[in-house]
Amino acid sequence: MTKEKIILTGDRPTGRLHIGHYVGSLRRRVELQNSGLYDKIFVFIADAQALTDNVDNPEKVRQNVIEVALDYLACGLDPEKSTIFIQSQIAELCELSFYFMNMVTVSRLQRNPTVKAEIQLRNFDASIPVGFFTYPISQAADITAFKATTVPVGEDQEPMLEQAREIVRRFNYIYGETLVEPEILLPENAACLRLPGTDGKAKMSKSLGNCIYLSDSADEIQKKVKGMYTDPDHLRVQDPGKVEGNPVFTYLDAFCRPEHFGLYLPDYPNLDELKAHYQRGGLGDMKVKGFLNSIMQETLEPIRNRRKEFEKDIPAIYEMLKKGCDEAREVAAATLDDVRKAMKINYFDDADLIAEQVKKFSAE
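Shown next, in the form of structure tokens:
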């Protein structure tokens, strides 16, 4: 029997989604959803994970669940094709996480590069919440609960996926083949692996205030693009400029298509020619930013308009999420049954165990 092809992916509801989310995984999710290549697609809003470093601000997480759901739908995720659910509503994930904790050492968690980077970003130092520290274990539970074969994420999540695979291998080695080992699916476009912030910082982050949000107005997008960091040594139009490490060109790599030149910048046949002119000098930042702004407006306007339509019926969004949670819980519960059976803790479902005990004690 051919193994089902299943996708699992999601986002933390700590704010509206931005273009880093879009090029990093969201755009690809919609393509995969519509490709017909996958049997099931699960997309979740990771509110329980968001609470690990927002425990004193639950209202922030609560308010942003709907924001993320709206962004999902606006980008083209379809609840008829993808199961969209809220992490905290699937209690089975907590139980799986608890069992998986025995599969991982503290030193292994400490070596996880993603965990180390996130701890540094949040200035946790020695005061790391245990829930945050064990995030890779929780993520492994999320993935395995739905028997995901494929997890589309940015490259910064690669260490997390490797840890999930280690947990699966260890569990299956001890208890027998029970869990499915997932594969990572990275963005095909290298520029989409990790989009920098508008300020040139390596990570686009809500907390750093360097994001372009999917729901930003046309004016907000234009203002943010105009204010973007470029090559600090490109002071005059005639000066040679650097393309590497220049967010404007990284964004063009991620969003620009050949037809955009005919529409918005017919002086150039393609992006390579535009880059070459900038590098030899004679091309001003504002002209390049103007081109990028046109592309961003074209990309985000339909998303923004669809979002406004979905905003007109918020109860329907919650109903969609509730239905998704019911579907997800059913799948996770079936996996948990398999796990309990493998771990021999399914006492009341094991007729052989009861018969064995009857025999043992009647012989005494």
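Going by the numbering used here, the first residue of the sequence shown is number 98, and it counts up by one from there.
C-beta atoms are modelled at their ideal positions from N, C-alpha and C, and glycine is treated no differently.
Please read these numbers as outputs of a predicted model, since none were measured by experiment.
- The Cβ-Cβ distance between Ala214 and Ile104 does not fall below 8 angstroms.
- If only complete runs of 4 or more residues are kept, the region 280-324 shows the alpha helix (DSSP H) at 315-323, in order along the chain.
- Look at Gly228 here: in three-state DSSP terms it is helix.
- Here the C-alpha atom of Asp316 lies approximately 43 angstroms from the C-alpha atom of Thr241.
- Here Phe229 is buried: its Cβ has 16 or more other Cβ atoms, across all protein chains shown, within 10 Å.
- By the C-beta criterion, the region 383-400 is judged not to be in contact with the region 135-150, since fewer than 3 inter-stretch pairs fall below 8 angstroms.
- In this structure, DSSP gives Gly107 an extended state, which the three-state scheme calls strand.
- Closest in C-alpha terms to Thr231, from the list Leu206, Pro249 and His115, comes Leu206.
- The criterion of a C-beta distance shorter than 8 angstroms is satisfied by Lys339 and Asp328.
- Under the three-state reduction of DSSP, Ile138 is assigned to strand.
- The beta-bridge partner set that DSSP reports for Val248 consists of Ile281.
- Of all alpha-carbon atoms in Glu427, Asp382, Val334 and Glu252, the one lying nearest the alpha-carbon of Ser122 is that of Glu252.
- Across the structure, Leu276 and Asp330 are spaced so that their CA atoms are roughly 53 angstroms apart.
- Exposed is the label assigned to Gly378, since fewer than 16 other Cβ atoms lie within 10 Å of its Cβ.
- Judged by DSSP secondary structure, Phe182 falls outside any alpha helix (DSSP H) and instead within the beta strand (DSSP E) spanning Thr180 to Ile183.
- For His118, DSSP assigns no beta-bridge partner whatsoever.
- Going by DSSP, Lys213 is part of the alpha helix (DSSP H) stretching over Pro210 to Leu218.
- Within a 10 Å sphere around the beta-carbon of Arg208 sit fewer than 16 other beta-carbons, which makes this residue exposed.
- In the three-state scheme derived from DSSP, where H, G and I count as helix and E and B as strand, Ala147 is classed as helix.
- If you check the CB distance, Tyr365 and Phe358 come in under 8 angstroms.
- Inclusion of Ser185 and Asp144 in the CB contact set at 8 angstroms is warranted, their separation being smaller than that value.
- Around the beta carbon of Thr180, 16 or more other beta carbons lie within 10 angstroms, which makes this residue buried.
- Taking a 10 Å sphere around the C-beta of Ala429, we find 16 or more other C-beta atoms and assign the residue as buried.
- In the DSSP assignment, Pro155 falls within the unbroken alpha helix (DSSP H) covering Pro155 to Cys172.
- Between Gly133 and the set Glu280, Lys102, His118 and Gly107, the nearest pair of CA atoms involves Lys102.
- By the Cβ rule, the region 294-312 counts as touching the region 105-118, because three or more pairs are nearer than 8 angstroms.
- The Cβ atoms of Phe197 and Ile234 lie closer than 8 angstroms to each other.
- Sequence-distant Cβ neighbours of Glu192 in its own chain, meaning closer than 8 angstroms and more than five residues away, are Leu433.
- No residue range can be given for Val340, since it is assigned to no alpha helix (DSSP H) and is classified by DSSP as neither H nor E.
- Between Lys323 and Lys386 a beta carbon distance of about 6 angstroms is seen, short of the 8 angstroms cut, so the two are scored as contacting.
- Residue state for Lys441 is assigned as coil, using DSSP reduced to three classes.
- A Cβ-Cβ contact shorter than 8 angstroms links Val334 with Leu380.
- Judged by beta-carbon spacing, Val201 lies within the 8 angstroms limit of Ile264, meaning their Cβ atoms are closer than that value.
- The criterion of a C-beta distance shorter than 8 angstroms is satisfied by Val140 and Leu174.
- Of the candidates Ala166, Arg126, Arg109 and Tyr135, Ala166 places its Cα closest to the Cα of Gly421.
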